[in-house]
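Residue numbering for the sequence shown follows our numbering, starting at 895 and increasing by one per position.
Even for Gly, the Cβ is constructed at its ideal location relative to N, Cα and C.
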Amino acid sequence: MRLWLTTCLVLLGHACFGDGLGHAVVTPDWTIETSEDLANGTRGKGSYPVWQLVDRDPRTAWVYRANDYPKPKNEHRQNFAGNYWIKFEPSGSVWLDELRIRPGYQKTPSLWRKNSRPTQIQVFDRLPMEWNDAVKGWFLGKPMRTVDLADSMDEKSVRLPKRKYAELYVVFSKIERGAVDDLCISEMMPRAGGKDVIQPLTSFMYSIGSDCGCSGAFWLTKPNGQKVATADYEYPRFSFSPDGRYVAGITDADNRPPRVWVAELARGKVVWSGRIPSNERPEELIWT
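Printed below as a string of structure tokens:
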């Protein structure tokens, strides 16, 4: 299998909306994105990252600064850019029938009580925002399901209509606030037929977001948080091989001719890298 560089303008990153790209993990099979933006000041700066939602360890958690999530009385009129959702997007439509969630920081009972956690979620099978002509603004649309969650330290099961999904959004519509105003989720996993649909992560592309309203850098990252390589060439450009074994990226962070790298995902290790002549400006990575 070979990697070709072309000059066809294709941005291999992510479309963005709201205030820009959120906190995201990308694998060959899934994108998991949240509306938080670590570049804009989320507490912890990635110490409690999004991949801990699917690490199968309730002692870890995704933690989001909670000073801008919705007030219960106007939850249906909260502007979508208010930042309070998680998105699961498969590379192709997949069958789903359940969502499992462990609200709160479940490492210990005291941490669970101390931190904030959702007591109601709204589930959408599309982008939750809808344009309102009367007020000229974006507002939450009608959810597929609204589910109250018992405020207890255990795993919850949310049933979904059994069918194929191209994307799944989970919006936090009610919050039980703890003494520490951080929203915490220990685990969240889409499922089908009683099985998790997201496999254990080896390495993946990861972004903390951007404050420019467009896209931020991505890093090839291991589950322990180690950053292996960067894709930040003008806009993030990276591409997974068709067999899902490798990822390639372009970076020019040092202001020299761009560098292309290829890494093996199973090991989280760069297996080849090289610079591009300065008179060439590759815009796309194509595997053949």
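key: Simplified DSSP state of P1003, which is helix, strand or coil   = helix
task = Report the three-state DSSP secondary structure of L947 (helix, strand or coil).
result = helix
ask   = What are the start and end residues of the beta strand (DSSP E) that includes E1024?
value = M1023 to N1026
Exposed unless 16 or more other CB atoms sit within 10 angstroms - verdict on T928 = buried
query = For K1036, which of helix, strand or coil comes out of DSSP?
reply = coil
request  = Identify whether K1050 lies in helix, strand or coil by the three-state DSSP scheme.
outcome  = strand
query = Secondary structure at K1030, three-state DSSP: helix, strand or coil?
reply = coil
request  = Report buried or exposed for T1115, applying the criterion of at least 16 other Cβ atoms within 10 angstroms of its Cβ.
outcome  = buried
query = Taking the alpha-carbon positions, what's the F1033 to N1026 distance?
reply = 7 Å
task = Compare the Cα-Cα distances from R1161 to each of Q1120, F1066 and L1043 and report the closest residue.
result = Q1120
ask   = How many whole angstroms separate the CB atoms of T1145 and A1125, which I take to be in contact at a CB cut-off of 8 Å?
value = 6 Å
ask   = Which residues does DSSP pair with I980 in a beta bridge?
value = T928 and V1064
query = Does the Cβ-Cβ distance between E1049 and I1015 come in under 9 Å?
reply = no
task = Can you grab the Cα-Cα spacing for the pair D991 / E1061, in whole Å?
result = 13 Å
Of the listed residues K1056, R1011, L1159 and Y958, nearest to D1045 (C-alpha basis) = R1011
query = Does the Cβ-Cβ distance between V1064 and M1082 come in under 9 Å?
reply = yes
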